[in-house]
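Mapping of the sequence shown onto full-length UniProt numbering: position 29 corresponds to residue 29, and the numbering continues sequentially without gaps.
Don't be surprised by glycine CBs; every beta carbon is placed ideally from N, CA and C.
The structure displayed is predicted, hence computed values, not measured ones.
Structure, as structure tokens:
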Amino acid sequence: MGRILQLVVVLLVLVQAPLILSGPVRPRPKINRFSSQARPMKFILRSVVKGAGRWIKDQIMSPSRGRQEDEPDNSADSAGFFIFNLSIGTSTPQEIPGILDITSQLVWSQCKPCTTCIPAATFEPNRSATFSRLPCSSQTCQSVVNQTCAAKDGPCGYIATYGDATTNTTGYLSNDTFTFDSAQVPLVFGCSGASAGDFSGASGVFGFSRGPLSLVSQLQLSWFSYFWASDDSSGDSFVQFGDDEVPRTSNSRSTPVLTNPLYPDLYFVNLTGIKIDGELQRDIPAGTFDLRANGSGGVVLSTTVPATFLEEAAYDVVKKVLSSKIKPKPVNGSALGLDLCYTIQSIASLTLPKIALVFDGADAVMHLKRSNYFFRDNETGLDCLTILPNRGLSLLGSLVQTDRNITYDIADAQAPQLVFDDAGAAPPVHSLASLSMALSFTVWMVVLF
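Set out below in structure tokens:
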């Protein structure tokens with residue numbers, strides 16, 4: 001490409017100090033599994049990848065520098081999302097669809113009345129007997145950075161921004177009961193009265209980061225996992241979580257989850273190398289993917305950014321090796337916003353080089369399928385690498401995570417682990433006895449333009 005796309009990590013920063021949620025010990029759901037609705041992934045990915053050149057620059061903010069106020073910011077024009085329903089309120093629980101986001105902590109839903117409504121299901125507080133607003137004087141509210149309290153005894157208002165100022169929501173923090181099968185759990189969540197941006201049918205965002213307001217923290221989960229099935233997969237997409245033993249198979253591998261001192265809520269991992277056709281790429285400089293003491297560098301995971309980004313020193317090596325192994329001449333990929341592209345016809349009969357990501361840990365190697373790193377678009381006739389360069393931070397997007405079970409083992413806060421399976425392997429399941437909290441919710445991938 002003519003220039004390196006600079007990632008900037010834009011975080012929904014809500015809590016600075018440790019947050020203590022008051023009240024009795026909460027009942028925790030044993031197992032909750034949200035099953036998928038079949039939807040051809042190829043149509044979703046085509047739109048996702050075509051928008052890459054528009055949104056990727058400012059979708060993630062580099063830990064080494066924040067975006068200056070006078071910098072142009074045109075991110076989030078297109079992104080792939082994973083949506084599922086949660087049941088909120090009592091009397092008549094309301095099914096609210098939200099985006100699974102492992103990089104933010106706030107759980108929020110659009111609420112009535114709303115001054116600027118997005119086209120989605122809207123939570124109605126007056127239909128729930130257990131709904132209440134958090135006052136500005138509450139400890140929870142005092143920990144929120146972007147609060148908009150008009151009075152000490154008034155509701156705790158907030159402003160949450162995703163990607164850039166054009167994708168945002170405002171509302172007030174609330175308490176209500178969330179139902180997980182037979183367990184009813186009081187949770188803090190955001191009730192938004194105005195939102196901007198296209199959330200493609202979602203009524204809000206369900207934060208799964210390590211922050212104290214996330215579902216992970218409030219439910220005191222031991223683990224959560226998701227499985228995104230591609231079109232040619234025999235499995236179904238789902239997200240599940242619980243407080244029992246982490247589900248594993250004989251194909252499961254694990255690597256430590258690292259804590260970034262600048263962004264402790266995010267999930268970083270130690271990528272130690274990359275293999276192409278089984279050969280470790282030793283031309284990638286040692287320490288390229290290291291998370292440094294000042295919080296710069298490192299490798300972060302995302303469920304809302306589809307493409308993968310490698311530090312440019314590593315990307316240059318990967319691109320060079322792939323180009324040398326794929327004999328047809330590359331073509332211009334600007335129609336998709338991608339760098340290394342070929343015509344579909346020129347490589348249709350070829351077996352592409354196999355890529356594997358090597359992580360810290362015993363045999364912690366993630367073998368990628370073709371669909372994890374190449375995208376074929378019949379409309380443009382292009383077949384492109386869905387890996388792009390960046391300076392500093394590297395990011396593993398949702399495409400490299402498809403067709404494998406990804407589990408976050410967070411039972412031990414001092415030694416969390418990322419557990420993953422081989423691509424195409426059957427995801428781990430629990431016995432019928434342990435599936436005491438099995439739910440049947442709809443989960444699907446959507447596209448935000």
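Using only alpha-carbon positions, find the residue among the options that is nearest to residue i.
i	options	result
P125	A313, S87, H367, D181	S87
residue 454	N251, L368, C191, V331	Residue 454 falls outside the range modelled here, since the chain spans only 1 to 449, and no answer is possible.
Q240	S254, S230, T255, L219	L219
residue 450	R404, L350, D265, S346	The requested residue 450 is not part of the displayed model; the chain covers only 1 to 449.
F82	L173, Q94, G98, Q184	G98
V331	I159, Y226, C384	C384
I406	Y263, S398, Q142	S398
L352	A121, S323, I274	S323
A364	I274, C136, T130	I274
A120	N378, Q142, F199, N372	F199
L368	R376, R404, A362	R404
T179	D244, S225, K152, T92	T92
G287	K152, L393, A151, Q414	L393
Are residue i and residue j touching if we call contact CB-CB under 8 Å?
i	j	result
V400	T308	yes
G204	S109	yes
I102	N85	no
S132	N175	yes
L350	I326	yes
L382	I344	yes
L173	L134	yes
E312	R370	no
Y158	N168	no
S138	C156	yes
V317	I284	yes
residue 450	Q142	In this structure the chain extends from 1 to 449, so residue 450 is not present and cannot be described.
Report, in whole angstroms, the separation of the C-beta atoms of residue i and residue j, which I expect to be a contact under 8 Å.
i	j	result
L258	F268	4 Å
T90	T177	5 Å
S188	T140	The displayed chain sequence assigns Val, not Ser, to residue 188. Confirmed, Cβ separation roughly 6 Å.
C111	G201	Actually they do not touch by this definition, with Cβ atoms about 17 Å apart.
F238	L100	Incorrect: roughly 11 Å between the Cβ atoms, too far for contact.
Y263	G295	7 Å
D409	V246	5 Å
R395	S302	Contrary to the premise, residue 395 reads as Leu rather than Arg in this sequence. Rounded, the Cβ-Cβ distance is 6 Å, consistent with contact.
G242	W223	7 Å
Among residues of its own chain, excluding the 5 on either side of residue i, which ones have a beta-carbon nearer than 8 Å to its beta-carbon?
i	result
P113	G193
L291	L258, N260, F268, N270, G297, G298, V299
T272	F289, V358, F359, D360
residue 457	The question about residue 457 has no answer here: the residues shown for the chain are numbered 1 through 449.
F374	L352, D383, C384, L385, T386
S209	D101, I102, T103, S104, Q105, V216, D265, L266, Y267
G333	D339, L340, C341, L382, C384
D277	K325, P353, K354
V321	I276, Q281, P353
G154	P135, C136
I4	The predicted position of I4 is uncertain, since its pLDDT is 43 and thus under 50; a value taken from the coordinates is nonetheless stated next. Cβ within range, chain order: E312, P389, N390, R391.
Skipping 5 residues on each side, what residues in its chain have a beta carbon closer than 7 Å to that of residue i?
i	result
T166	A196, G197
S346	P328
T380	A335, L336
T115	G193, A194
R376	I344, D383
What does a CB cutoff of less than 6 Å around residue i pick up in its chain, not counting 5 residues either side in sequence?
i	result
R282	none
T402	W228, S230
Y315	P389
S252	V419, D421
K50	Reliability fails at K50, whose pLDDT of 45 lies under 50, so the model's placement of it is uncertain and no value is given.
Q184	T177
T130	T90, D176, T177
F43	Only weak support is given to the placement of F43: the predicted model assigns it a pLDDT of 42, under 50, and the value that follows is read from those uncertain coordinates. Closer than 6 Å at the Cβ level, and outside the excluded window around F43, lies no residue.
N378	none
K319	L340
E69	Bear in mind that the predicted position of E69 carries a pLDDT of just 31, short of 50, making it unreliable; the figure below should be weighed with that in mind. No residues qualify anywhere along the chain.
Could you check whether the Cβ of residue i sits closer than 7 Å to any heavy atom belonging to the ligand NAD?
i	result
S137	The ligand content of the structure shown is nil, which means the ligand NAD is not present either.
What runs of the alpha helix (DSSP H), each 4 residues or longer, lie entirely inside the segment 146–233?
215–218, all fully within the segment 146–233.
Whole runs of the beta strand (DSSP E) within the segment 284–331, excluding any shorter than 3 residues:
You should have 299–301, 308–311.
If you scan the segment 331–393 from start to end, which runs of the beta strand (DSSP E) of 3 or more residues do you find wholly inside it?
Here the runs fully enclosed are 341–343, 355–359, 365–367, 374–377, 382–385, 387–390.
As an exercise, report each continuous beta strand (DSSP E) stretch of at least 3 residues that is fully enclosed by the segment 97–155, in chain order.
Taking only runs of at least 3 residues, the beta strand (DSSP E) segments lying wholly in the segment 97–155 are 107–110.
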